[in-house]
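In the working numbering, the protein residues as written are 1 to 271. What follows is a single structure, written as structure tokens, with notes after it.
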């Protein structure tokens, strides 16, 4: 089984570099990286070219011109470009723990997609994390994070649990096992069967809408939020607006009410 890791990015070179370092030290290296670039400037391409010489995992850069927030479209292009049977999705601002890919593979199962989460870091820590902190996994150590002014919360338990306890927390968490763009995985054939992401949708719920169509098509989900760990680097969200949220909410309601499986604005539309 061949694996493709698909990550989205947009003009966030420093964050993308940290994420790529995280994927360069995975406990399994038998996968490819597809960078779904929603129209970044040349600096991103230059950084990717430089990192290709330092990272042994193959990197494919999929890019289109900047036309506002078009994440769904570039992710569909990345799905087409991916050679893997199994696709792991994340964002270019989420550093994976070294067992991230191995964990997705461990829990992968025909007829299911996997739903993970993230631990959100404040801007101060996001900026201070170095390549060495990623390589020695200090950015996943609770004590190190607290020494760097992370506030205590129950959520830090994600960094402490493993094995049976992590599986137990996955089972009892009230959080729905939805498709989360920052940490989810599934079979390419299942994604193609529902025509990928709905390109009518900009920011706000487009990932979950894909998961809802997968549900409608008979694909089930499994929760792995306490097993597949990544830290989310902070950033501004200038692309958020109420009009888009309203439009996306209406599309999701239609998907649920009409048990929609296929979107007419997905992979086939861009071929």
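C-beta atoms are modelled at their ideal positions from N, C-alpha and C, and glycine is treated no differently.
- DSSP places residue 126 inside the alpha helix (DSSP H), whose first and last residues are 123 to 128.
- Where residue 158 is concerned, there is no enclosing alpha helix (DSSP H), because DSSP gives it neither an H nor an E.
- Counting along the chain, residue 206 sits inside the alpha helix (DSSP H) bounded by residues 206 to 216.
- Exposure of residue 254 is indicated by the presence of fewer than 16 other C-beta atoms within 10 angstroms of its C-beta.
- The beta-carbon distance between residue 43 and residue 4, rounded to whole angstroms, is 25 Å. This is too long to meet the 8 Å contact definition.
- Scanning 217, 91, 160 and 74 for the CA closest to the CA of residue 201 turns up 74.
- Just so you know, the alpha carbons of residue 258 and residue 142 end up roughly 45 Å apart.
- In this structure, the CA atom of residue 64 is about 27 Å from the CA atom of residue 30.
- Cβ contact annotation for residue 54 (same chain, cutoff 8 Å, sequence separation greater than five): 24, in chain order.
- Within its own chain, the residues whose Cβ lies closer than 6 Å to the Cβ of residue 102, once the five positions on either side in sequence are excluded, are 27 and 28, listed in chain order.
- Taking residue 72 as the centre and dropping the five residues before and after it, the same chain places the C-beta of 197, 198, 199, 201 and 206 closer than 7 Å to its C-beta, in chain order.
- When rounded, the separation of the alpha-carbon atoms in residue 127 and residue 231 is 13 Å.
- Taking the Cβ atoms as the reference, residue 7 lies roughly 6 Å from residue 91, within the contact range of under 8 Å.
- Counting only the Cα atoms, residue 108 lies some 11 Å from residue 1.
- Straight across, the Cα-Cα distance linking residue 118 with residue 233 is about 10 Å.
- Secondary-structure assignment with DSSP links residue 9 through a beta bridge to 37.
- In this structure, 60 is the residue among 96, 60 and 70 with its C-alpha nearest to the C-alpha of residue 83.
- By the neighbour-count criterion, in which 16 or more other beta carbons inside 10 Å mark a residue as buried, residue 179 falls on the buried side.
- Approximately 6 Å separates the beta-carbon atoms of residue 267 and residue 192; this is inside 8 Å, confirming the contact.
- In the DSSP assignment, residue 246 falls within the alpha helix (DSSP H) that extends over 242 to 257.
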